[in-house]
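Number of protein chains: 2
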Amino acid sequence: MIRPDINQLGAMPPFCRLDLRQLREILALSDSRHLTGGATVFDEGQPVRRFHLLMSGNIRLVRVTAEGDQIILLHIQAGQVFGIGAALGQETYHASAIAAGDCRVLSWPNALWPGFSSAYDGFAVETFRAFGARADEMSNRIVELSTQLVEQRIACALLRMIGQSGRKVAGGIEIGFPITRQNIADMTGTTLHTVSRVLSLWERDGVVKSTRCLVIVTDPHRLVVMSGAGLGTDADDPIIQAKAQALYATAAASAARKASSSSAYSAQASITV
Amino acid sequence: MIRPDINQLGAMPPFCRLDLRQLREILALSDSRHLTGGATVFDEGQPVRRFHLLMSGNIRLVRVTAEGDQIILLHIQAGQVFGIGAALGQETYHASAIAAGDCRVLSWPNALWPGFSSAYDGFAVETFRAFGARADEMSNRIVELSTQLVEQRIACALLRMIGQSGRKVAGGIEIGFPITRQNIADMTGTTLHTVSRVLSLWERDGVVKSTRCLVIVTDPHRLVVMSGAGLGTDADDPIIQAKAQALYATAAASAARKASSSSAYSAQASITV
DNA sequence: CAGCGTCGTTGTGCTGGCTCAACCTCTGGA
DNA sequence: TCCAGAGGTTGAGCCAGCACAACGACGCTG
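Residue numbers (my numbering), protein chains in the order written: chain A, 2 to 274; chain B, 2 to 274.
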């Protein structure tokens with residue numbers, strides 16, 4: 002069980018420049034946990050004692066308001082570090098981390114953070130970059146929430162998710178983790194009812210296909226148009242990139258994907274292959 | 002002109018652990034600019050060539066949609082590093098930086114970033130922390146936009162601003178930089194009309210007092226109640242902290258503030274004193 | 001001091017999407 | 001085989017806040 006772990010760990014962005022000895026060292030210091038869907042890695046408000054790396058699966062970072070509204074801030078993909086209050090100077094977690102489907106998570110005590118940053122080449126830089134990407138995603142969310150209609154925001158959320166962990170399946174691109182209507186509502190600041198209505202409409206129009214806890218985008222292009230992103234937003238927007246990848250994947254690439262059917266679509270995730 | 006600069010630079014969080022020789026070194030490599038209100042430091046989409054430090058004044062990070070809507074993502078205070086695509090692995094700026102009032106900005110070429118991070122004690126750590134605080138602020142914004150009514154969001158925005166750069170004045174706390182109704186609308190995802198109505202109402206009720214481009218909060222406590230934050234949100238929320246500071250500042254502290262009447266309210270800003 | 005541009009106020013009508021409500025359809029457990 | 005509970009669909013009514021509109025006030029420039 003150790004051998005595959007080492008290989009997997011060495012493929013993760015923060016650790017990809019390390020040698021076998023270092024990886025073994027890191028793994029020996031880590032604590033490993035399996036989680037099933039809905040389980041929490043940590044809760045908002047808890048003291049920050051460890052930092053975490055997602056080995057497989059998907060994690061939602063969630064906040065809950067006093068009124069009980071749940072908001073999904075971000076999705077974490079395999080290979081990403083999360084819960085790093087250690088680096089951010091935060092005493093308590095500012096969001097909860099909840100497994101979306103089955104996950105495997107490694108974690109280390111806070112005290113190791115400075116050592117990791119200084120001793121392991123590329124760790125600090127990669128973490129900073131990942132963080133930049135998250136800040137970007139959040140700023141996109143703010144822009145969407147401030148200016149777009151519900152329908153557009155839902156389109157953006159779907160595009161973002163297929164960009165981050167979409168899987169090619171017969172007839173479209175499937176979101177790579179279980180997701181309910183309520184979840185989509187929690188991402189877009191709307192209600193489960195409205196999401197349901199919109200998805201029903203889109204299904205009628207052949208843009209998506211969805212069953213319980215599963216969404217398949219059958220016409221990503223139309224979704225991009227509806228998202229309002231096609232009208233001049235910066236072209237290096239992750240959403241647009243996702244779209245480009247989804248639409249214009251070469252035959253070779255899609256063949257390769259058939260070979261390992263669970264491989265993810267996005268550039269980040271494909272590093273984990 | 003160099004001497005005060007060195008002292009000022011040495012008081013900024015990212016550089017506060019450095020000695021005189023290092024500060025001189027850093028200053029010699031820097032480019033300095035004065036900006037008047039409305040001037041831009043950099044524009045969204047431009048290639049990232051330099052990173053920046055705000056010496057005095059306030060900067061808005063702004064994004065503009067294809068439809069022409071402006072969204073204010075964040076306010077940068079004196080002592081903060083910004084425009085750090087160098088660290089985040091971004092080729093172009095993902096937002097524009099616009100001066101809110103008069104500003105002084107130092108900047109350095111990207112190529113110096115790795116050297117700063119490794120050579121200057123505390124620089125990387127402080128930058129990471131500042132970034133964590135910004136991520137936090139953005140996540141708060143997302144929660145607000147997703148769940149709160151316009152009136153509550155405006156209250157939150159005002160509280161955030163007095164927390165970050167409020168100044169004690171006769172009869173209340175004044176926001177430390179010029180701000181229009183339209184600006185507040187750009188922060189809260191609403192329209193100038195709605196902001197105007199809400200502020201008029203609050204002025205009638207004695208919660209705020211405002212003139213052209215200036216807002217004074219006369220009853221922060223009532224504003225906190227209206228913001229909806231008092232109902233159980235995490236107590237270490239920056240908004241609540243700001244409120245606590247604003248409301249329960251000791252007589253000693255407020256005396257000290259009278260002495261240097263332009264000193265800012267927040268913990269971060271007060272480091273710059 | 002006239003003219004103009006920026007900023008602010010206030011009134012009116014309309015609508016996107018939320019709330020409330022009822023019902024359907026899976027899935028897993030006993 | 002039946003039941004409970006989670007997830008999903010759809011209808012009806014209502015209202016917060018947006019769009020449109022018109023006007024007032026301040027401050028700069030020539």
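Where a beta carbon is used, it is the ideal one built from N, C-alpha and C, also for glycine.
Q) When you compare only the Cα positions, how much space is there between serine 267(A) and serine 201(B)? A) Within the first sequence, the letter at position 266 stands for residue 267(A). Within the second sequence, the letter at position 200 stands for residue 201(B). Confidence at serine 267(A) is low in this model, with a pLDDT of 38, below 50, so the placement of that residue should be treated as unreliable; the coordinate-derived value is given next. Straight-line measurement puts the Cα of serine 201(B) at about 49 Å from the Cα of serine 267(A).
Q | alanine 67(B) - DSSP class collapsed to helix/strand/coil | A | As a working note, residue 67(B) is residue 66 in the second sequence. Here DSSP, grouped into helix, strand and coil, assigns alanine 67(B) to coil.
Q.
Using DSSP's beta-bridge definition, name the partner residues of tryptophan 109(A).
A. For the purposes of this step, residue 109(A) is taken as the residue at position 108 of the first sequence. Answer is Phe52(A).
(Q) Looking at chain A, is there any beta carbon in it that lies within less than 7 Å of the beta carbon of alanine 83(B)? (A) Walking along the second sequence from the start, residue 83(B) turns up at place 82. The question names alanine, yet the displayed sequence has phenylalanine at residue 83(B). Under the 7 Å criterion on CB atoms, phenylalanine 83(B) is classed as non-interfacial with respect to chain A.
Q | Against chain B: residues of the segment 86-102 of chain A by CB proximity under 9 Å | A | Across the segment 86-102 of chain A, CB contacts with chain B closer than 9 Å involve Gly86, Ala88, Leu89, Gly90, Gln91, Glu92, Thr93, His95 and Ala96, in sequence order along the chain.
Q | Identity of the residue in Ala136(B), Arg61(B), His53(B) and Val199(B) nearest valine 151(B) by Cα | A | Residue mapping note: residue 151(B) aligns to position 150 of the second sequence, counting from 1. Per the Cα distances, Val199(B).
Q.
Comparing C-alpha positions only, which one of His222(B), Gly46(B), Thr189(B) and Val144(B) sits nearest to valine 63(A)?
A. Start at 1 with the first residue of the first sequence, and residue 63(A) comes out as number 62. Out of His222(B), Gly46(B), Thr189(B) and Val144(B), the CA that lies nearest to the CA of valine 63(A) is found in Val144(B).
Q: Since I believe methionine 56(B) is in contact with alanine 136(A) (beta carbons under 8 Å), could you give me their beta-carbon distance rounded to a whole number of angstroms?
A: Counting from 1 along the first sequence, the entry for residue 136(A) is found at position 135. Counting from 1 along the second sequence, the entry for residue 56(B) is found at position 55. The C-beta distance from alanine 136(A) to methionine 56(B) rounds to 23 Å, too long to fall under 8 Å, and the pair is not in contact.
Q. Checking contacts by CB at 7 Å: is aspartate 44(B) closer than that to chain A?
A. As a working mapping, residue 44(B) is identified with position 43 in the second sequence. Under the 7 Å criterion on CB atoms, aspartate 44(B) is classed as non-interfacial with respect to chain A.
Q) Where does the unbroken alpha helix (DSSP H) through isoleucine 27(B) begin, and where does it stop? A) If you number the second sequence from 1, residue 27(B) lands on position 26. In the DSSP assignment, isoleucine 27(B) falls within the alpha helix (DSSP H) that extends over 21-30.
Q) Taking all protein chains shown into account, do 16 or more other C-beta atoms lie within 10 angstroms of the C-beta of glycine 164(A), making it buried, or fewer, making it exposed? A) Counting from 1 along the first sequence, the entry for residue 164(A) is found at position 163. Burial call: buried.
Q.
Strictly by DSSP, which residues pair up with asparagine 59(A)?
A. The count along the first sequence starts at 1 and reaches residue 59(A) at position 58. Beta-bridge pairing by DSSP links asparagine 59(A) to Ala101(A).
Q: Under 7 Å between beta-carbons, which chain B residues line up against leucine 146(A)? List them in chain order, please.
A: The sequence position of residue 146(A) within the first sequence is 145, counting from 1. Chain-order list of chain B residues neighbouring leucine 146(A): Ile143, Leu146, Ser147 and Gly190, by C-beta distance under 7 Å.
Q) Distance, Cα to Cα, tyrosine 94(A) vs valine 170(A)? A) To locate residue 94(A), count along the first sequence from 1; it is residue 93. To locate residue 170(A), count along the first sequence from 1; it is residue 169. About 37 Å.
Q. For phenylalanine 117(B) versus phenylalanine 124(B), is the C-beta spacing smaller than 7 Å?
A. Translated into positions along the second sequence, residue 117(B) becomes position 116. Translated into positions along the second sequence, residue 124(B) becomes position 123. In this structure, phenylalanine 124(B) lies closer than 7 Å to phenylalanine 117(B) by Cβ.
(Q) Please tell me whether, using a cut-off of 6 Å, the distance from the CB of tryptophan 114(A) to the nearest non-hydrogen atom of the ligand ATP is below it. (A) Judged by which ligands are present, the structure shown has none, so any question about the ligand ATP falls away.
Q) Using Cβ-Cβ distances below 9 Å, what residues of the segment 8-20 of chain A are close to chain B? A) Cβ contacts with chain B: none found.
Q: Alpha carbon to alpha carbon, how far is proline 5(B) from isoleucine 77(A)? Give it in angstroms, no decimals.
A: As a first step, residue 77(A) is located in the first sequence; it is residue number 76 there, counting from the start. As a first step, residue 5(B) is located in the second sequence; it is residue number 4 there, counting from the start. Proline 5(B) has its alpha-carbon roughly 45 Å from the corresponding atom of isoleucine 77(A).
Q.
Quick check on proline 48(B): buried or exposed, where buried means 16 or more other Cβ atoms within 10 Å of its Cβ?
A. On the second sequence, residue 48(B) is found 47 positions in, with the first residue counted as 1. Exposed is the call here.
Q: Let me know the alpha helix (DSSP H) ranges lying completely inside the segment 124-211 of chain A, each 4 residues or longer, listed in chain order.
A: If we require 4 residues or more, the alpha helix (DSSP H) runs fully inside the segment 124-211 of chain A come out as 124-148, 151-166, 182-189 and 193-205.
Q.
For serine 108(A), tell me which candidate among Phe16(A), Glu68(A), Pro14(A) and Phe52(A) has the shortest Cα-Cα distance.
A. For the purposes of this step, residue 108(A) is identified with residue 107 of the first sequence, where counting begins at 1. Closest option to serine 108(A), Cα to Cα, is Phe52(A).
Q: Write down the C-beta distance between alanine 98(B) and isoleucine 155(B) rounded to the nearest angstrom, noting that I regard them as a contact closer than 8 Å.
A: Translated into positions along the second sequence, residue 98(B) becomes position 97. Translated into positions along the second sequence, residue 155(B) becomes position 154. Their Cβ separation, rounded to whole angstroms, is 24 Å, which puts alanine 98(B) and isoleucine 155(B) out of contact at 8 Å.
Q: Give the DSSP bridge partners of isoleucine 77(A), in chain order.
A: Within the first sequence, numbered from 1, the residue matching residue 77(A) stands at position 76. Under the DSSP definition of a beta bridge, isoleucine 77(A) partners with Ile60(A).
Q: State buried or exposed for leucine 10(A), treating a residue as buried only when at least 16 other CB atoms are found within 10 Å of its CB.
A: Here residue 10(A) refers to the residue found at position 9 of the first sequence. That one is buried.
**Q.** Residues of the segment 162-195 of chain B whose Cβ lies closer than 7 Å to any Cβ of chain A, in chain order
**A.** Residues Gly190.
Q. What is the DSSP secondary structure of arginine 223(B), reduced to helix, strand or coil?
A. Start at 1 with the first residue of the second sequence, and residue 223(B) comes out as number 222. Correct three-state label for arginine 223(B): helix.
Q. Which stretch, first to last residue, makes up the alpha helix (DSSP H) that contains phenylalanine 117(A)?
A. Counted from its first residue, the first sequence places residue 117(A) at position 116. From DSSP, the alpha helix (DSSP H) with phenylalanine 117(A) extends over 114-120.
Q | Local Cβ density within 10 Å of leucine 74(A), reported as buried at 16 or more and exposed below that | A | As a position in the first sequence, residue 74(A) is number 73, starting the count at 1. It counts as buried.
Q. How about aspartate 220(B) and glutamine 71(B): are their beta carbons less than 7 Å apart?
A. By one-based count along the second sequence, residue 220(B) stands at place 219. By one-based count along the second sequence, residue 71(B) stands at place 70. In this structure, aspartate 220(B) keeps its C-beta atom at 7 Å or more from the C-beta atom of glutamine 71(B).
Q | Start-to-end residues for the alpha helix (DSSP H) that takes in alanine 88(A) | A | Residue mapping note: residue 88(A) aligns to position 87 of the first sequence, counting from 1. First-last of the alpha helix (DSSP H) with alanine 88(A): 86-89.
Q. Based on the DSSP secondary-structure assignment, which residues constitute the bridge partners of isoleucine 72(B)?
A. In the second sequence, counting from the first residue as 1, residue 72(B) sits at position 71. DSSP output for isoleucine 72(B) lists Arg64(B) as bridge partner(s).
Q) What does serine 140(A) reach in chain B if we use C-beta pairs closer than 8 Å? A) As a position in the first sequence, residue 140(A) is number 139, starting the count at 1. Within 8 Å Cβ-Cβ: Arg64, Leu74, His95, Ala96 and Met139.
Q) Are threonine 191(B) and cysteine 214(B) touching if we call contact CB-CB under 7 Å? A) Here residue 191(B) corresponds to residue number 190 of the second sequence, with the count starting at 1. Here residue 214(B) corresponds to residue number 213 of the second sequence, with the count starting at 1. Taking a C-beta distance under 7 Å as the contact criterion, threonine 191(B) and cysteine 214(B) do not qualify as a contact pair.
Q: Give the interface partners of aspartate 70(B) over in chain A, defined as CB-CB distance under 9 Å, in chain order.
A: As a position in the second sequence, residue 70(B) is number 69, starting the count at 1. By Cβ distance, chain A contributes Val144, Ser147 and Thr148.
Q | C-beta atoms of threonine 195(A) and alanine 158(A) nearer than 7 Å | A | Counted from its first residue, the first sequence places residue 195(A) at position 194. Counted from its first residue, the first sequence places residue 158(A) at position 157. Against a cut-off of 7 Å, the Cβ pair of alanine 158(A) and threonine 195(A) comes out as no contact.
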